[in-house]
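Protein chains in written order, with this note's numbering: chain A, 1 to 99; chain B, 1001 to 1498.
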């Protein structure tokens, strides 16, 4: 199994939209390499004909009637928003000027 | 003169029903106890005296109108992973700063209907990721049995509150052991129900295939009462089980003659504290004395629980925590561009342990590694489940230690994540299998002049909470370790009934 390099930590942090400090990148690379080394034990387990467990429940495809039910009012839904305008969440421009 | 905060739910219920006390008096006694003790225990992130007293007054009105329920007027503490109307929810994280939920958890709504009173929100490791409450963004809670030590985690605030009589009972959440481990370290009862028994709606999501709410109580009967009030199908959580909810208190019995109990040899791991091993083996003799048959059994895939858990749980949490984007609620860094605002909000809003786990989970799910890590872990999870199915064909329940270590001193947790992750190796396989399990007080180990609590883990078949509670009750009635109270009198005079 692979070790986790600082470049990989940077790449994964970008996938997760997570700003890390240089010290965090160094520390996580070393610590998570140790965790992955430990996880390598799983590769020795024969799982040739073993199905994966995605849920322990004896349930599948739980459906309900497709009928509207009461939900949060706009004001309630927006009450915790860091920024809002005219009944909407307000965000920064997604595209940079010139894009 | 009764010490109201020393009472269990069922004891207080007797006094309320016979009109010897009121719910307002009971709630006020707990608020006074919090005021006197929590400066040092630090169990609570938020206390809501006015809301609690208003609820207590309402409970008294309902009782005067002829209503009765074992939880009517009972003051509870709620782990700050679970939303309660009128109280902030932080999940122990700065990223949820100022968040006031516009709804509340189904479990809370059900307790509210029974007339329970909510005292406040308890401390936890950030997003329930940790073993000590030291990962809380705010402060660590302390173990009432030794204030220099951690109460365990992640539901450490709830455990400390119950142990210190700062709540009559509490709720925790258990993803990989977060109810049972702190219960074990604080001489309290902590139950993790079967996955799907209690609705997760309104609970902050960590690892969705593992998260469960659990009661944390002073004794086993109280755990049965609180579980019964919350359990059952919820149309808002498609992972709740439709099975009817039995009367868990009716199942409590001191008669466990003829029960077949398995003692999994893999749970006596290298590094198991010798005092804990002695305590568990003494518990085995107590159960034998009560007429149970105890035999050694094997759960051969136990050692894979840790790597499977850390791959499955981090993969799920990396997806669940994507919602913290600084747009809809919580902290926002206010950066100039959308992309920078995501990065900075998350980078500054999350603590170190949460970020470490997001990186691991994102890596395990990323292109090229999915099959090797996440899918492989899910397959080995199947083998772990089969271990339990095999032993439950021949045994009624399993008994084991809860945690291999005694509570450590604040600031002295193992610094290596692998070593630290090993500390919950005995609670992970049950969480992965989704089976019900509980920690019940089993004795004490003396360390540096202090008596540190040790719990006994009882593991049952899926949906056999009644069997787990019955066994725990019989053990508790034969031992009464709850009577050893934490040495808190030195810091606070217990409030007395006027």
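C-beta atoms are modelled at their ideal positions from N, C-alpha and C, and glycine is treated no differently.
Just so it is clear, the structure is predicted and the values come from calculations on it, not from any experiment.
- Alpha carbon to alpha carbon, how far is residue 1178 of chain B from residue 1068 of chain B? Give it in angstroms, no decimals. Taking the second chain and counting its residues from 1, the one referred to as residue 1068 of chain B is at position 68. Taking the second chain and counting its residues from 1, the one referred to as residue 1178 of chain B is at position 178. Approximately 32 Å, taken between the alpha carbons.
- Item | Complete alpha helix (DSSP H) runs within the region 1094 to 1118 of chain B (minimum length 4 residues, chain order) | Taking only runs of at least 4 residues, the alpha helix (DSSP H) segments lying wholly in the region 1094 to 1118 of chain B are 1106 to 1114.
- Of all the CB atoms in chain B, is at least one closer than 8 Å to the CB of residue 51 of chain A? Within the first chain, numbered from 1, the residue matching residue 51 of chain A stands at position 51. Interface annotation, residue 51 of chain A: in contact with chain B, CB-CB separation under 8 Å.
- Query: Would you say the beta carbon of residue 1049 of chain B comes nearer than 7 Å to a heavy atom of the ligand COA?
  - Reply: The model on display carries no ligand, and the ligand COA is accordingly not part of it.
- residue 1091 of chain B and residue 1080 of chain B: beta carbons closer than 8 Å? One-based indexing of the second chain puts residue 1091 of chain B at position 91. One-based indexing of the second chain puts residue 1080 of chain B at position 80. Taking 8 Å as the Cβ cut-off, residue 1091 of chain B and residue 1080 of chain B qualify as a contacting pair.
- DSSP state of residue 1398 of chain B mapped onto helix, strand, coil: Indexing the second chain from 1 puts residue 1398 of chain B at position 398. Here residue 1398 of chain B sits in strand by DSSP.
- Task: Starting from the N-terminal side, write out each stretch of the beta strand (DSSP E) that is 3 residues or longer and does not extend beyond the region 1332 to 1416 of chain B.
- Result: At a cut-off of 3 residues, the continuous stretches assigned as beta strand (DSSP E) that sit fully inside the region 1332 to 1416 of chain B are 1397 to 1401.
- Query: Since residue 1307 of chain B meets chain A, which of its residues come closer than 7 Å, beta carbon to beta carbon?
  - Reply: Looking up residue 1307 of chain B in the second chain gives position 307. Chain-order list of chain A residues neighbouring residue 1307 of chain B: 38, 39, 41, 42, by C-beta distance under 7 Å.
- For residue 1226 of chain B, the three-state DSSP class (helix, strand or coil): On the second chain, position 226 is the one that residue 1226 of chain B refers to. Helix at residue 1226 of chain B.
- Task: Please list, in chain order, all residues of the same chain as residue 1256 of chain B whose beta carbon is under 8 Å from its beta carbon, the five residues on each side excluded.
- Result: By one-based count along the second chain, residue 1256 of chain B stands at place 256. So the list reads 1287, 1290, 1291, 1292, 1470, 1471, 1474, once near-sequence residues are dropped.
- In angstroms, rounded to a whole number, what distance separates the CA positions of residue 1496 of chain B and residue 1400 of chain B? By one-based count along the second chain, residue 1496 of chain B stands at place 496. By one-based count along the second chain, residue 1400 of chain B stands at place 400. Unreliable placement is indicated for residue 1496 of chain B, whose pLDDT of 47 sits below 50; the coordinate value is still reported in the next sentence. Going from the Cα of residue 1496 of chain B to the Cα of residue 1400 of chain B covers about 39 Å.
- What residue range is occupied by the uninterrupted beta strand (DSSP E) comprising residue 1254 of chain B? Along the second chain, one-based indexing puts residue 1254 of chain B at 254. In the DSSP assignment, residue 1254 of chain B falls outside any beta strand (DSSP E) and carries neither an H nor an E.
- Item | Whole-angstrom distance between residue 1314 of chain B and residue 1360 of chain B, CA atom to CA atom | Translated into the one-based positions of the second chain, residue 1360 of chain B becomes position 360. Translated into the one-based positions of the second chain, residue 1314 of chain B becomes position 314. Those two C-alpha atoms are separated by around 6 Å.
- Which residue comes first and which comes last in the alpha helix (DSSP H) that contains residue 1287 of chain B? Taking the first residue of the second chain as 1, we reach residue 1287 of chain B at position 287. Per DSSP, residue 1287 of chain B belongs to the alpha helix (DSSP H) from 1274 to 1289.
- Message: If I measure Cβ to Cβ from residue 1237 of chain B and keep anything under 8 Å in the same chain, skipping five residues before and after, which residues do I get?
- Response: The count along the second chain starts at 1 and reaches residue 1237 of chain B at position 237. Closer than 8 Å at the Cβ level, and outside the excluded window around residue 1237 of chain B, lie 1106, 1199, 1200, 1201.
- Item | C-beta neighbour in chain B for residue 22 of chain A, strict 8 Å | Residue 22 of chain A sits at position 22 when you count from the first residue of the first chain. Interface residue (Cβ-Cβ distance to chain B less than 8 Å): residue 22 of chain A is not classified as such.
- Query: How many angstroms separate the CA atom of residue 36 of chain A from the CA atom of residue 1309 of chain B?
  - Reply: As a working mapping, residue 36 of chain A is identified with position 36 in the first chain. As a working mapping, residue 1309 of chain B is identified with position 309 in the second chain. A direct Cα-Cα distance of roughly 12 Å separates residue 36 of chain A from residue 1309 of chain B.
- Task: Just the chain B side, please: which residues come within less than 7 Å of residue 64 of chain A by C-beta, in chain order?
- Result: Against the first chain, residue 64 of chain A aligns to sequence position 64. Scanning chain B for C-beta atoms nearer than 7 Å to the C-beta of residue 64 of chain A yields 1235, reported in chain order.
- Item | Distance between residue 1281 of chain B and residue 1185 of chain B (C-alpha atoms, nearest Å) | Against the second chain, residue 1185 of chain B aligns to sequence position 185. Against the second chain, residue 1281 of chain B aligns to sequence position 281. Each residue's alpha carbon lies about 18 Å from the other.
- At least one CB of chain A closer than 8 Å to the CB of residue 1071 of chain B: is that the case? Position 71 of the second chain holds residue 1071 of chain B. With 8 Å as the cut-off, residue 1071 of chain B does not count as an interface residue toward chain A.
- With 8 Å as the threshold, decide whether the Cβ of residue 26 of chain A is near any Cβ in chain B. Your numbering for residue 26 of chain A matches position 26 in the first chain. Taking Cβ atoms only, chain B never reaches closer than 8 Å to residue 26 of chain A, which makes this a no.
- Item | Contact set between residue 1195 of chain B and chain A, taken where Cβ atoms lie within less than 9 Å | Position 195 of the second chain holds residue 1195 of chain B. In chain order, 55, 56, 57 make up the part of chain A whose C-beta sits under 9 Å from the C-beta of residue 1195 of chain B.
- CA-CA distance, residue 1059 of chain B and residue 1445 of chain B? The residue you call residue 1059 of chain B lines up with position 59 of the second chain. The residue you call residue 1445 of chain B lines up with position 445 of the second chain. Looking at the two C-alpha atoms, the distance is approximately 41 Å.
- Query: Mind checking residue 1064 of chain B: buried by the 16 CB within 10 Å criterion, or exposed?
  - Reply: Sequence index remark: in the second chain, residue 1064 of chain B carries index 64 (1-based). Residue 1064 of chain B counts as exposed, since fewer than 16 other C-beta atoms from the protein chains shown sit within 10 angstroms of its C-beta.
- Terminal residues of the alpha helix (DSSP H) in which residue 1021 of chain B lies: Residue mapping note: residue 1021 of chain B aligns to position 21 of the second chain, counting from 1. Taken as a continuous stretch (DSSP letters only), residue 1021 of chain B belongs to no alpha helix (DSSP H), as it is neither H nor E.
- Item | Backbone CA spacing between residue 1366 of chain B and residue 1154 of chain B [nearest angstrom] | Here residue 1366 of chain B refers to the residue found at position 366 when the second chain is read from its first residue. Here residue 1154 of chain B refers to the residue found at position 154 when the second chain is read from its first residue. Cα-Cα distance, rounded: 28 Å.
- Candidates B/1025, B/1036, B/1220, B/1454, of which the one nearest residue 1274 of chain B by Cα: In the second chain, residue 1274 of chain B corresponds to position 274, counting from 1. With respect to the C-alpha of residue 1274 of chain B, the residue from B/1025, B/1036, B/1220, B/1454 having the closest C-alpha is B/1454.
- Item | For residue 1427 of chain B and residue 25 of chain A, the rounded distance between their alpha carbons | Working through the first chain from its first residue, we reach residue 25 of chain A at position 25. Working through the second chain from its first residue, we reach residue 1427 of chain B at position 427. Approximately 30 Å between the Cα atoms of the pair.
- Query: When the distance is taken between beta carbons, is residue 1389 of chain B closer than 8 Å to residue 1197 of chain B?
  - Reply: Your numbering for residue 1197 of chain B matches position 197 in the second chain. Your numbering for residue 1389 of chain B matches position 389 in the second chain. At least 8 Å separates the beta-carbon of residue 1197 of chain B from that of residue 1389 of chain B.
- Message: Is there a Cβ of chain A sitting closer than 8 Å to that of residue 1102 of chain B, yes or no?
- Response: As a working mapping, residue 1102 of chain B is identified with position 102 in the second chain. For residue 1102 of chain B, the answer is yes, since a Cβ of chain A falls inside 8 Å of its Cβ.
- Query: From residue 1001 of chain B to residue 1246 of chain B, what distance separates their C-alpha atoms?
  - Reply: To locate residue 1001 of chain B, count along the second chain from 1; it is residue 1. To locate residue 1246 of chain B, count along the second chain from 1; it is residue 246. Reliability fails at residue 1001 of chain B, whose pLDDT of 45 lies under 50, so the model's placement of it is uncertain and no value is given.
- Whole-Å CB distance - residue 1132 of chain B paired with residue 1350 of chain B, under 8 Å assumed: Within the second chain, residue 1132 of chain B is the residue found at index 132, counting from 1. Within the second chain, residue 1350 of chain B is the residue found at index 350, counting from 1. In fact, because the Cβ distance is near 18 Å, the residues do not count as touching under 8 Å.
- Please say whether residue 1299 of chain B and residue 1391 of chain B have beta carbons closer to each other than 8 Å? Taking the first residue of the second chain as 1, we reach residue 1391 of chain B at position 391. Taking the first residue of the second chain as 1, we reach residue 1299 of chain B at position 299. Yes. Within cutoff.
- Continuous beta strand (DSSP E) stretch holding residue 1458 of chain B: start and end: By 1-based counting over the second chain, the position of residue 1458 of chain B is 458. Its beta strand (DSSP E) spans residues 1450 to 1460.
- Task: Compute the distance between the beta-carbons of residue 1484 of chain B and residue 1459 of chain B, then report whether it is under 8 Å.
- Result: The residue given as residue 1484 of chain B occupies position 484 in the second chain. The residue given as residue 1459 of chain B occupies position 459 in the second chain. No, Cβ-Cβ distance for residue 1484 of chain B and residue 1459 of chain B is not below 8 Å.
- Looking at the structure shown, is residue 63 of chain A part of a helix, part of a strand, or coil, going by DSSP? In the first chain, the residue the question calls residue 63 of chain A occupies position 63. The answer is coil: DSSP assigns residue 63 of chain A none of H, G, I, E or B.
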